[in-house]
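Residue numbers (my numbering), protein chains in the order written: chain A, 34 to 336; chain B, 1017 to 1315.
Backbone N, C-alpha and C fix where the C-beta goes; we use that ideal spot for every residue, glycine too.
Please read these numbers as outputs of a predicted model, since none were measured by experiment.
For reference, the structure discussed in these notes is given below.
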Amino acid sequence: MIDRTEIEKGVPQEKLPEKTLLPHEAKIKKRRALVKGIIYTLLILMAIVCFIPFLMMLVNATRSNDAILTGFTLIPGSSLLENYRTMMEYVNIWNGFKNSLIISVLVTVLTGYFSALTAYGFAFYEFKGKNFLFVFMLVMMMVPGQLGLIGFYELSKTLGILDTFIPLIVPAIASPFVVFFLRQYIKTTLHPSLIEAARIDGASEWRIFHTVAIPIMMPAVATMSIFTFIGSWNNYIMPLVILFSPEKYTLPVLMGFLKGSQVAQNLGSMYLGIAISVVPIMIAFLFLSKYIINSISAGAVKE
Amino acid sequence: MKNLNRYGYLFIAPFWIIFLVFNIYPVALTFYYSFTNYSGSGVAEVVGLANYQRLITDTFFVEAFFNTWKIWGINFALQIAIALVLAAIFSDMRVKMKGLAFFRSIFYLPNLITVSSVALLFGILLDWQHGSLNMVLMNLGLISEPINWLNQPATAQLSVSLILTWMWFGHSFIVVMAGVSGISNDYYEAALIDGANRAQTFFKITLPLLKPILLYIMITSLIGGLQLFDLPMLLTDGIGSPDGSLNTMVLYLYNQAFKYNNYGYAAAVAYGLFIITIIFSAIVFKSMYRNERKQARQV
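Next up, the structure:
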């Protein structure tokens, strides 16, 4: 994009002496160390600002309502159990946890398996209308989820699956973006001659898919699965529209429910409820952070 | 060999059956409803373009449109500025900062947390009298009396913008860093040898080469921002208080459909939002592309 001549043109030459002033190098080094120190301090300050809402949440989760009302301190209180009991009296947060887990796991598995299947079908077979279907899928990928929200609700009503997990799980079978990503991936990693060899050995098409294609696609499926899981776990508007019974609520919907319930009277319990919804994700991130960040980087550069 | 190709249809069939039923059909059905006065039950009467006529004169929708833009715009400017400064610091060859992995993780963390939990958390942290934030700010002597963050339009919108910035600058930073690491070191070495200072290196090398990545961030952020829902829904009363300042387009859509049973009109709101998204994505794309061409001509 940029050629060398432009760089040379844009750089004034009079700055060069700084590099040749050898006696002053020690001084420059010292100044650089100082600058570095200041930058590190600012970065750590920023990290603290980033983390402080979570810290406040964790500390307040252990303090009683009265203590929270009188002021803020970083010293944990001793009302953790009491807060927990008050919260559980009105809202069973573990139930929401269980619902979210069931839905997110099933969504992740369905998305992974069927996207791999579809990607394989698009990548290694020739059939009429293939290109049209693929382009059509790409176009539909651009459509935001909210566009069909009302139709989706009406459809679920007609099918009698409102207030069940079905409308939250089954649509995961069709995930255009994951199909697109996996197709690009398998096109470059699986050579058709490998499939031919398996065919000559007498393997059926299903077997080839399950024993040859799936293992090769696994790294890409894993990458996509992280985002599928997070997306499903954090989804708010869909379960909010579909589910009515509190015992079926997912964690995000339960959070909204918490706000409007009696628990909101007790701030300590509120903080604890939020903390319970947040901490597992934080722990998971502790182990997966490198992997997640690399996936984001890779995804961005490829597009 | 040829008959094996029918497996292609078989393999993609589950996807297409589910896609048609749960994706295409709802989108088409919503489109149909946008021309009716459907109210969630009974008969949907076709009313032609009435819903769309109402949409362009609806002050609440127009207000929601500008609110969404204001909230997204402040957030995006801050988020991208922070991400670029951080990227400039960590890619500087002379300073050679360490701890990139650590800071990246910490800065990214808020992005992973469920938005509804974030909304609830800030809802009580920002509380006027009992919120911990006001207490801390007062203890530090930064403010003399509690700020009623979520009860005044300006501070409420600013709060949402800042929460969004807090949630997303780490993500933008990771993406910008990925772009920076894709730039060949030769450029930076050459600049170093030629004695270019930091600002020159950043503005003449890093920024121009990052353009495709910045475009990617801007478009994904814009599409996400126009769909802003969870935060305004759960921070205040769910209908855009205070004074309609947190009324965003998707919040308006949700309330029209599921609170007031105006399904037909809500469907029109959905399509209005869709058209707006397409138009602005196209504008962003085009302006970036045109700038590139202009620069190419200058060189």
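- Residue contact check for residue 114(A) against chain B: no CB pair falls below 9 Å.
- DSSP places residue 1202(B) inside the alpha helix (DSSP H), whose first and last residues are 1201-1209.
- The alpha carbon of residue 301(A) has as its nearest neighbour, out of 316(A), 121(A), 251(A), the alpha carbon of 121(A).
- Residues of the segment 130-143 of chain A that bring their beta carbon within less than 7 Å of a beta carbon in chain B are absent altogether.
- Counting along the chain, residue 286(A) sits inside the alpha helix (DSSP H) bounded by residues 284-293.
- Comparing alpha carbon positions, the residue from 1055(B), 1023(B), 1300(B), 1036(B) closest to residue 183(A) is 1055(B).
- Per DSSP, the unbroken alpha helix (DSSP H) holding residue 1085(B) starts and ends at 1075-1106.
- Only those residues of the segment 1032-1044 of chain B whose C-beta falls short of 9 Å from the nearest C-beta of chain A are listed: 1032, 1033, 1034, 1035, 1036, 1037, 1038, 1039, 1040, 1041, 1042, 1043, 1044.
- Taking a contact as a CB-CB distance under 8 Å, the pair residue 1142(B) and residue 1166(B) counts as one, their CB atoms being some 6 Å apart.
- In this structure, DSSP gives residue 1130(B) a state outside helix and strand, which the three-state scheme calls coil.
- At a beta-carbon threshold of 7 Å, none of the residues of chain A lie near residue 1088(B); the nearest stands roughly 14 Å away.
- In the three-state reduction of the DSSP assignment, residue 203(A) falls in the helix class.
- Listed along chain B, the residues sitting closer than 7 Å to residue 310(A) by beta-carbon distance are 1130, 1133.
- In the DSSP assignment, residue 1195(B) falls within the alpha helix (DSSP H) that extends over 1169-1197.
- The three-state secondary structure of residue 1063(B), taken from DSSP, is coil.
- In terms of Cα proximity to residue 323(A), the closest of 1243(B), 1134(B), 1277(B), 1123(B) is 1123(B).
- DSSP assignment within the segment 61-104 of chain A yields the following whole alpha helix (DSSP H) runs of 4 residues or more, N-terminal first: 98-103.
- For residue 1252(B), the secondary structure class from DSSP, reduced to helix, strand or coil, is coil.
- About 20 Å separates the beta carbons of residue 271(A) and residue 145(A), which is beyond the 8 Å limit, so they are not a contact pair.
- Per the coordinates, the alpha-carbon of residue 1209(B) lies some 15 Å from the alpha-carbon of residue 1218(B).
- With respect to chain B, the C-beta atom of residue 127(A) has no partner C-beta closer than 9 Å.
- Under a criterion of Cβ atoms nearer than 7 Å, the residues of chain B adjacent to residue 274(A) are, in order, 1274.
- Taking residue 88(A) as the centre and dropping the five residues before and after it, the same chain places the C-beta of 107 closer than 8 Å to its C-beta, in chain order.
- Under the DSSP assignment, residue 1269(B) falls in the alpha helix (DSSP H) whose first and last residues are 1265-1270.
- Look at residue 144(A) here: in three-state DSSP terms it is helix.
- Of the residues assessed, residue 171(A) falls on the exposed side of the cut-off, its CB having fewer than 16 other CB atoms within 10 angstroms.
- Between residue 265(A) and residue 141(A), the C-beta spacing is below 9 Å.
- Inclusion of residue 215(A) and residue 245(A) in the CB contact set at 9 Å is not warranted, their separation being larger than that value.
- Between residue 1107(B) and residue 1181(B), the gap from beta carbon to beta carbon reaches 9 Å or more.
- Sixteen is the threshold: when 16 or more other Cβ atoms of the shown chains lie within 10 Å of the Cβ of residue 1042(B), as they do, the residue is buried.
- Around residue 1120(B), the beta-carbon contacts reaching into chain A at under 9 Å are 322, 326.
- Looking at the backbone, the Cα of residue 59(A) and that of residue 1094(B) are separated by about 37 Å.
- Chain B has no Cβ within less than 9 Å of the Cβ of residue 219(A).
- Nearest Cα to residue 1047(B) within the set 1293(B), 1294(B), 1281(B): 1281(B).
- Classified as buried, residue 1074(B) has 16 or more neighbouring CB atoms from the shown chains inside 10 Å of its CB.
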